[in-house]
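Presented below is the structure to which this report refers.
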Amino acid sequence: MNAIPRHHRSRGFSLVEWMVALVIGLILLAGALQVFLAHQTTYRETQRWARLQETLAFVTEYLTRDLRGAEGVHWSDGELRVTRDRRIDWCGADPGVHTVRYWIEDDALRCRSSTMHNHELIRGFRPGSRLEAALLPDAADPTGVRIDLVFQSHAGEGANPRTHRLSFHVALRNRVLARIQSPP
Numbered sequence: 126m127n128a129i130p131r132h133h134r135s136r137g138f139s140l141v142e143w144m145v146a147l148v149i150g151l152i153l154l155a156g157a158l159q160v161f162l163a164h165q166t167t168y169r170e171t172q173r174w175a176r177l178q179e180t181l182a183f184v185t186e187y188l189t190r191d192l193r194g195a196e197g198v199h200w201s202d203g204e205l206r207v208t209r210d211r212r213i214d215w216c217g218a219d220p221g222v223h224t225v226r227y228w229i230e231d232d233a234l235r236c237r238s239s240t241m242h243n244h245e246l247i248r249g250f251r252p253g254s255r256l257e258a259a260l261l262p263d264a265a266d267p268t269g270v271r272i273d274l275v276f277q278s279h280a281g282e283g284a285n286p287r288t289h290r291l292s293f294h295v296a297l298r299n300r301v302l303a304r305i306q307s308p309p
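Each residue of the sequence shown is one higher than the last, beginning at 126 in the numbering used here.
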């Protein structure tokens, strides 16, 4: 018979087999780590875009709602003043005809009525930016307003901030209807 001598029998894994197994394990671990890091980056970007979208939606809805029913709109030096008859408390103003002022301070949109303290509406603006507005077609008798805003978003701690610009137009509904209803 061909019996294998005792000293040639294998009892477990050789050093080469262990090294190959370790290399394969490290490759699999590196792949899993890469998938985790890619997922984390995607999650941070998704959260950044969601926060930005929420901020944009709030600002456009809030300003549009107030501007559409405005009886008077004035803009100077980064401050938008909207006069209208409001049926609810708005930025510290009781119901009735009041002027509310909007401006950006630090990184927040703020509003104030008469001498009341200012209210922070929402954060997310680029520090040092201003609320820019253009009364359309002219400042003497506007029927619309173009608002220009600069936002800033962060993907996470230590990430470079990104700047986003938004311009939108709002028709002054009451003024447009008054022009349509009055004879030329």
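For every residue, glycine included, the Cβ atom is placed at its ideal position computed from N, Cα and C. Keep in mind the model is a prediction, meaning the values are calculated, not measured.
Looking at L234: is its Cβ nearer than 7 Å to the Cβ of L246?
yes
Just verifying my parser: in three-state terms, what is the DSSP assignment at F161?
helix
For L205, count neighbouring Cβ atoms within 10 angstroms of its own Cβ and tell me buried if that reaches 16, exposed if not.
Residue burial annotation: L205 is buried, with at least 16 other C-beta atoms found within 10 angstroms of its C-beta.
Contact check, E196 vs R209, beta carbons under 7 Å:
yes
Which of helix, strand or coil does DSSP assign to D273?
strand
Candidates A182, L297, N285, of which the one nearest D263 by Cα
Measuring from the Cα of D263, the nearest candidate turns out to be L297.
Could you pull out every residue in the same chain whose Cβ sits closer than 6 Å to the Cβ of N243, ignoring the five residues on either side in sequence?
R235, R237
Does DSSP put I213 in a helix, a strand or coil?
Coil.
So A218 is in the beta strand (DSSP E); what residue range does that whole segment cover?
Where A218 is concerned, there is no enclosing beta strand (DSSP E), given that its DSSP letter is neither H nor E.
Give the DSSP bridge partners of E230, in chain order.
A233
Simplified DSSP assignment, three categories, for E196:
Reduced to three states, the DSSP call for E196 is coil.
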